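Residue numbers (our numbering), protein chains in the order written: chain U, 1 to 211; chain S, 212 to 422; chain W, 423 to 633; chain D, 634 to 844.
Protein chains: 4
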Amino acid sequence: MVVAASEQLRIVQDEDNSKRRQILDGARKVFMDLGFDGASMGEIARAAQVSKGTLYVYFADKCALFEAIVEQEALQHGQVVFSFDPDREAESTLKEFGLAYLHLVCRPGGGSAIRTVMAIAERMPDVGRRYYARVLDKSINRLSAYLKARVASGDLSIDDCDLAASQFMELCKASLFLPFVFQAEPAPSEQRMSAVVESATRMFLAAYKAR
Amino acid sequence: MVVAASEQLRIVQDEDNSKRRQILDGARKVFMDLGFDGASMGEIARAAQVSKGTLYVYFADKCALFEAIVEQEALQHGQVVFSFDPDREAESTLKEFGLAYLHLVCRPGGGSAIRTVMAIAERMPDVGRRYYARVLDKSINRLSAYLKARVASGDLSIDDCDLAASQFMELCKASLFLPFVFQAEPAPSEQRMSAVVESATRMFLAAYKAR
Amino acid sequence: MVVAASEQLRIVQDEDNSKRRQILDGARKVFMDLGFDGASMGEIARAAQVSKGTLYVYFADKCALFEAIVEQEALQHGQVVFSFDPDREAESTLKEFGLAYLHLVCRPGGGSAIRTVMAIAERMPDVGRRYYARVLDKSINRLSAYLKARVASGDLSIDDCDLAASQFMELCKASLFLPFVFQAEPAPSEQRMSAVVESATRMFLAAYKAR
Amino acid sequence: MVVAASEQLRIVQDEDNSKRRQILDGARKVFMDLGFDGASMGEIARAAQVSKGTLYVYFADKCALFEAIVEQEALQHGQVVFSFDPDREAESTLKEFGLAYLHLVCRPGGGSAIRTVMAIAERMPDVGRRYYARVLDKSINRLSAYLKARVASGDLSIDDCDLAASQFMELCKASLFLPFVFQAEPAPSEQRMSAVVESATRMFLAAYKAR
DNA sequence: TATGAATGAGGGTTCATTCAT
DNA sequence: TATGAATGAACCCTCATTCAT
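Here is the structure:
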């Protein structure tokens, strides 16, 4: 019976979480598909399979719900970030990281988050700033730290490691990201992504490999 | 009389065009500042100094007006694209082009066409596709054509010139574009842009300069 | 033809006024019947026979519409106020004024306005204050001025004419106003009003007639 | 066992009553501060420190709760009413009663029952009627009964004692009540109330004192 | 052609009420 | 009995679009 009580509590908490998650999941899809303005609370409620009123039980208003979504996406995407081993040699490290980054920005869902946040950044600067800091800047910093370690170890020769990190990440997007976000091409194939990352790595090392 | 009639027609067309341009100018500012959903026909009418009804004389609906705006922006930005001299050496050519491209994508003063079009691309894929083709893809192709010429002349050594063109353009955005669109940093200074383009050019040539 | 143009202008203005008046009329009825909170813009639109959107063409929001109604009522009721002849003897003057005042506060419409404004005065103090100033205070001041004239002429003997004016007005409401606003009794008959005013006048003069 | 059962019932009733009173106390404050429409069941629940659901255990709906509040206020205010000693002389009796009545109708601190009930009287006529009967009419009747006794004792000379009672009560409000409910002036000071009641009493006796 | 008053559908939000626990 | 999560109807308001002038 004691078990039953705690069981019940757990269930209640689960349900609570599940309802909240249910809403977040529904809202994420709608927001990412239609953007902040294009998404209506009614459609979100329908997607989340709850009533419109229930949305306001969990979130103060549309804006708070959106921010929660972006925060959640930021955390998720921020975790995706590669964990670097400073002792590992550069080439394979960069390739692996580049591929992970490409998956983040060029996958349906991932791309949508970037696009959606970008779109609203002018009217909700904090939201844009936070997403950038938690996902993109964080990645740059981690890669930059790794590069510094490789510079220290004499493997690489780089003046501005922050810039170099950013350069590598941009290189990985070459020919893939823009056509994808502009809907000019579908999400790239694994093969194509590998090839582009390979080329990016070659180019990066050609410029920054210590002689 | 024949003259008079054609004269009149010309005048009418002029007036038509002038009103049309007036609307396009007003709408461009509003759309680029607020996005498709954020812009209201009322505000556009006010910005264009015409009545709301007049908007519908020249454009079927909000969507058609927006498409016309994007088309116009695409033409304008497409023209901005550097005109390459295939006989000119690579370094200065790339630097000049890189700077022009950076100015296009990081243009200060809120209303960014790139952001606005990107934002709506999921819901209006044609609009995204066309803008990409007319501005970004066109630039890539021109740069690619230039690179091919330099490869032919033995100056550069590049396998995939389309990819290389895209790589250079991405490199130019490193550390500048993303912080800018996410409102994490203000529009970059001329000095900073020059430095980044310089570094991009060095990197590009380190990889692709024929030995 | 010139006539036609001005005619047309007049009609437009008339229609404008008529629409505005139409809204005000519909809104007045609904607001006075249901109070500020009880009245819905939908019901007002129905009562005014216009669409909901049209309400917002003429008035910024529900509050502005309500304020316009109260202002209009205040003007109307303020005009009802008796115009006093300082040379006229007190008894008949007071009776006439008393009756006019009673009609104002105990007639459906009049009573409703007072009730409606009273009800909202705590949440919209300015509205309450303005209505009081334009209708009730104005009446008190006019009566007070008249009383002062009669005091000066030796007809009456009053210390505080403002208080006396207020006293007379309150006396006129005795046994009539409160049952009316609390819906305990229907609007009083002319006969009953006359009798109460008569009694009020007698009482007033008994106290303030110069000996 | 029989004792235990009745004991238990008593406890249950006590708890019931205590919860009920808790709700009534919380609701009274909210209703009187914000009016019937302005008050929300959520806010009432918060003020009463019970859950929203509990409100519906004790009261069928918002309307029933409001009616109970008004009933309670009516009883309370009805008790406040002066208890008259028919043998006491008129002047001091009237002054004391007048002051008590003024405190009732001009009670400082927002929430005025009179205003709240008045406001809703058109939509809930029974509520208005009952409050009027239990508080105002009751006071009039008591005062009227007292006056009749003084008429019988030869102290006063009054034709219509009901009207006279109402007249005195109205006189006491002169210059105080209307500015107060319309928020044109703050609640009157004790001093001012005394002066007005004094003047009312003088006037009343000037008219009705037996010669 | 140009207008802007008028519309009504749909937006975000609140809230009285219900119900499973 | 007491709870509070969930509901859905109704709220105020905006806005793309139409139409008589």
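For every residue, glycine included, the Cβ atom is placed at its ideal position computed from N, Cα and C.
Just so we're clear, the structure is a prediction, and the values are computed from it rather than from any experiment.
Distance CB(residue i)-CB(residue j) smaller than 8 Å
i: U:PHE36; j: U:ILE120; result: yes
i: S:GLY339; j: U:ALA100; result: no
i: D:LEU776; j: D:PHE801; result: yes
i: S:VAL281; j: S:PHE388; result: no
i: S:GLU333; j: U:ARG115; result: yes
i: U:ALA200; j: U:GLY98; result: yes
i: W:PRO508; j: W:ALA571; result: yes
i: W:ALA516; j: W:MET615; result: Correcting the residue identity first, residue 516 of chain W is Leu in this sequence and not Ala. Against a cut-off of 8 Å, the Cβ pair of W:MET615 and W:LEU516 comes out as no contact.
i: S:ALA258; j: S:GLU284; result: no
i: D:MET757; j: W:MET625; result: no
i: D:ALA785; j: W:ALA628; result: no
Alpha-carbon spacing of residue i relative to residue j, whole angstroms
i: W:ARG510; j: D:ASP666; result: 46 Å
i: D:TYR841; j: W:ARG443; result: 50 Å
i: D:SER772; j: D:ASP759; result: 19 Å
i: S:SER262; j: U:GLY78; result: 48 Å
i: W:ASP584; j: W:GLY448; result: 37 Å
i: S:GLU381; j: U:ALA174; result: 6 Å
i: W:ALA567; j: D:GLY787; result: 38 Å
i: U:VAL196; j: U:PRO179; result: 14 Å
i: D:GLU729; j: D:LEU780; result: 14 Å
i: U:ILE44; j: U:LYS29; result: 8 Å
i: U:GLY53; j: W:ALA555; result: 43 Å
i: D:CYS805; j: W:PRO608; result: 24 Å
i: D:VAL690; j: W:VAL479; result: 45 Å
i: W:SER428; j: U:GLN49; result: Its pLDDT being 41, under 50, W:SER428 is placed unreliably in this model, and the value from its coordinates should be taken loosely. Whole-angstrom Cα-Cα distance: 60 Å.
Residue from the options whose Cα sits closest to the Cα of residue i
i: D:PHE664; options: D:HIS710, D:LYS695, D:ARG844; result: D:LYS695
i: U:ASP160; options: S:GLU409, S:ASP348, S:ASP371, S:PRO390; result: S:GLU409
i: U:VAL117; options: U:GLY154, U:ALA68, U:CYS172; result: U:ALA68
i: D:LEU657; options: D:LEU688, D:GLY787, D:GLY671; result: D:LEU688
i: W:PHE604; options: D:LEU838, D:ARG835, D:ARG763; result: D:ARG763
i: S:SER251; options: S:ALA417, S:LEU276, S:CYS383; result: S:LEU276
i: S:PRO319; options: S:PRO399, S:LEU416, S:ALA417; result: S:PRO399
i: D:ASN774; options: D:PHE717, D:GLY671, D:ARG661; result: D:PHE717
Exposed unless 16 or more other CB atoms sit within 10 angstroms - verdict on residue i
i: D:GLU823; result: exposed
i: D:ARG844; result: exposed
i: U:SER157; result: exposed
i: D:LEU708; result: exposed
i: U:SER18; result: exposed
i: W:SER588; result: buried
i: W:GLY460; result: buried
i: U:VAL2; result: Because the pLDDT at U:VAL2 is just 39, under 50, the model does not fix this residue reliably, and the point stays unresolved.
Test: residue i CB closer than 8 Å to a CB of chain S
i: U:ALA60; result: no
i: U:SER199; result: yes
i: U:LEU143; result: no
i: U:ARG46; result: no
i: U:ALA174; result: yes
Neighbour flag for residue i against chain W, beta carbons, 8 Å
i: D:MET826; result: no
i: D:PHE730; result: no
i: D:LEU795; result: For the record, residue 795 of chain D in the displayed sequence is Asp; it is not Leu. Cβ-Cβ to chain W under 8 Å: yes for D:ASP795.
Beta carbon proximity, residue i to chain U, threshold 8 Å
i: S:GLY249; result: yes
Residue-chain proximity (residue i, chain D), Cβ-Cβ < 8 Å
i: W:VAL573; result: no
i: W:ARG624; result: yes
i: W:ARG545; result: yes
i: W:LYS451; result: no
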